[in-house]
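For reference, the structure discussed in these notes is given below.
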Amino acid sequence: MVAEAKGSNVSNMELLNFPGGHQTFELAMKFCYGMNFEITTFNVARLHCAAEFLEMTEEYKEQNLISRTQTYLNDIVFQSLQKSVEVLSTCEIMLPTIVDEIEIISNGCVEAIAMHACKEQLVSTLSKLDCDDESRELITDTNCVAWWVEDLSVLHIDSFQRVICAMLRKGVRSNSIIASLMHYAQSSLKGIGKSQFLNNPSSLENDQSVIVETLVTLLPIDKNKNSSTIPLTFLFGMLKMAIMLGATIQCRLELERRIALRMEMVSLDDLLIPSVQSGDSLFDVDTVHRLLENFLKRIEEEETEDYGYESDGFGSYTGHGSLLKVGQLIDAYLAEIAPDPYLGLQKFVALIEILPNYARVIDDGLYRAVDIYLKAHASLTEEEIKKLCKLIECEKLSEEACNHAAQNERVPLQMVVQVLYLEQLRLKNSLSASSGDILMSQRISSGVPSAAMSPRDNYASLRRENRELKLEISRMRMRLSELEKEQMVMKEGMGDKGGNGKTFLKNISKGIGRIAMFSGQAEGKKQKSSRKTDRSSRRFSHIDR
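Just so we're aligned: the sequence shown equals residues 1 to 545 in full-length UniProt numbering.
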């Protein structure tokens, strides 16, 4: 540069864009004058780039600075996962100024990290292999990956993404990948949402939005929803952060799709997603509605695969069980959000109507949620109240719920009359032992398709009939479980040793008393029914309170 400079008086020269700044230049000059200094993981990248900038190759001296730094990278840095992470983190600082040389070093660090992760996985697998005579089981231990999972959290999101992609190519287990993603999210996404409520989004939150979107793209593919290793709490946490940070629609839809695959495993606390829109309800009801849409779409696809002209009709029993669990979950969710004064009737009704009728065996939970909503929204018109109460099937209400509805002043008069009529029918059917068989035969006969129907209509009718049968089976199972509990109580009483036979005689006398009550006069029956009504009213009194 001096030789190429014009003019003989050269007293000042400027090295533009020198990698590493004046500190790195000083180390390079110390190397030229033979002064000792230590090459470390924190300066090797800067020294290597500075040596390339100054053209310190073997042409001018053996074991020049380029050769020295390259040897340190190959023999020291790339042989250790932790040292590779340290060098890669220093490369991120220099990346905007120097591209080519830094890319070469960072690529080597990324490949070294992935290779060492595979080696650690293999070593832990061999050390945890339990060779029993009965079976050979692979004992997995999540602690074996904790040390390098924590090391990766210091990387920038771009470098972290490159490392995770390299690990996936190398065949690192998905549970290790998920552990890395969870730890990185926990350490990188802090203080989210503090400025959203002040309407002042910061650049830090913009960076955090990029982190959320990148982590979602790195999630392993769910090949089987039952064997997924991604915790639902982590997915819901990422979804809440994506909503709060205003992440892309693709990011949120991907999280909602993954959650919908395991909707039957979701808890009530997971669904309570706070709303970030001003003037809206306290909870994000729209997101829950989309989750249900994806879940029902999945159930419909499973039914389409299971049902066929050659199928026996019971292929999707598991899907129906999932639907019943989700039905109970949504009823609890409706009761939780019903007191919200900002929750509109349209959204509340939409959450009720999205589930099919056969998703609820008993409508007690739905009745409770509707009653809470009516109590919290006293300004509803009579037509709106009728529209809301029509969604409750009075035939699915239990005896206690019917007794409460008959005395509820918030429900329409038509519903009270219907409930009282059903109570009359139940009282009449309780005197007939074959009432259950008659009801079953009526439902089956009503669902038999006619010979004039098309094959498509026949198929749809058979599906409806099958759903009704499953619903009736679920009700019978609940009645059977109650009878089994009563039988266990009687057995415990008969097996009481300290009673000297008094307990057994007491049970017999109680049984005779029950028979006498059923065979007594009609006036006694009315008194018993009145006492049951009082007890049922007390059980549902918490709704009025």
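Here a beta-carbon is modelled for each residue, glycine too, at the ideal position from N, C-alpha and C.
- A Cβ-Cβ distance of about 10 Å is found for the pair M94 and A50, leaving them out of contact under the 8 Å criterion.
- With respect to M115, K30 sits apart: the two C-beta atoms are not nearer than 8 Å.
- Rounded to whole angstroms, L152 and C118 show a C-alpha spacing of 15 Å.
- A direct Cα-to-Cα measurement between E86 and N12 gives close to 36 Å.
- Collapsing the DSSP output to three states places F42 in coil.
- Judged by DSSP in its simplified three-state form, F283 adopts strand.
- The way I'd put it, the segment 416 to 429 doesn't touch the segment 373 to 392; fewer than three beta-carbon pairs between them come closer than 8 Å.
- Listed in chain order, the non-local C-beta contacts of D207 below 6 Å within the same chain number zero, local neighbours out to five positions each way being set aside.
- Between G365 and A332, the C-beta spacing is below 8 Å.
- Considering only D371, V163, L292, Y60, the residue with the shortest C-alpha distance to K325 is L292.
- Secondary-structure assignment with DSSP links P274 through a beta bridge to F283.
- When only Cα atoms are considered, L422 and S398 end up about 11 Å apart.
- Judged by beta-carbon spacing, A247 lies beyond the 8 Å limit of V285, meaning their Cβ atoms are not closer than that value.
- Between P341 and I372, the C-beta gap is not smaller than 8 Å, which leaves the two residues out of contact.
- G344 carries a coil assignment under DSSP once its states are collapsed to helix, strand and coil.
- Note on the segment 40 to 91: whole alpha helix (DSSP H) runs with a minimum of 4 residues are 44 to 53, 65 to 72, in chain order.
- Between S176 and Q250 a beta carbon distance of about 26 Å is seen, past the 8 Å cut, so the two are scored as non-contacting.
- The DSSP-derived three-state label of N36 is coil.
- Between the beta-carbon of V349 and that of L380 there is about 11 Å, and that puts the pair past the 8 Å contact cut.
- Here L271 is near V288, since their CB atoms are less than 8 Å apart.
- For S187, the three-state secondary structure derived from DSSP is helix.
- If you check the CB distance, V163 and I113 come in under 8 Å.
- Membership of Q418 in the alpha helix (DSSP H) is indicated by the continuous run 413 to 430.
- Cβ-Cβ distances below 8 Å link E256 to L239, T287, R290, L291, N294 in the same chain, with the five nearest sequence neighbours on each side left out; the list follows chain order.
- In this structure D75 is exposed. Its beta-carbon is surrounded by fewer than 16 other beta-carbon atoms within 10 angstroms.
- The shortest CA-to-CA distance from R258 to any of P274, V276, F236 is the one to F236.
- Within the model, the alpha-carbon separation for L483 versus V489 is close to 10 Å.
- In this structure, R298 keeps its C-beta atom at 8 Å or more from the C-beta atom of L351.
- The residue from F53, Y60, V123, A5 with its alpha-carbon nearest to that of I102 is F53.
- With contacts defined by Cβ atoms closer than 8 Å, S209 and E264 do not form a contacting pair.
- Restricting attention to L218, V216, E150, R252, the CA atom closest to the CA of S187 is found in E150.
- When secondary structure is reduced to three states using DSSP, V172 falls in the coil class, being assigned neither helix nor strand.
- Put simply, the backbone Cα of C165 is about 29 Å away from that of G20.
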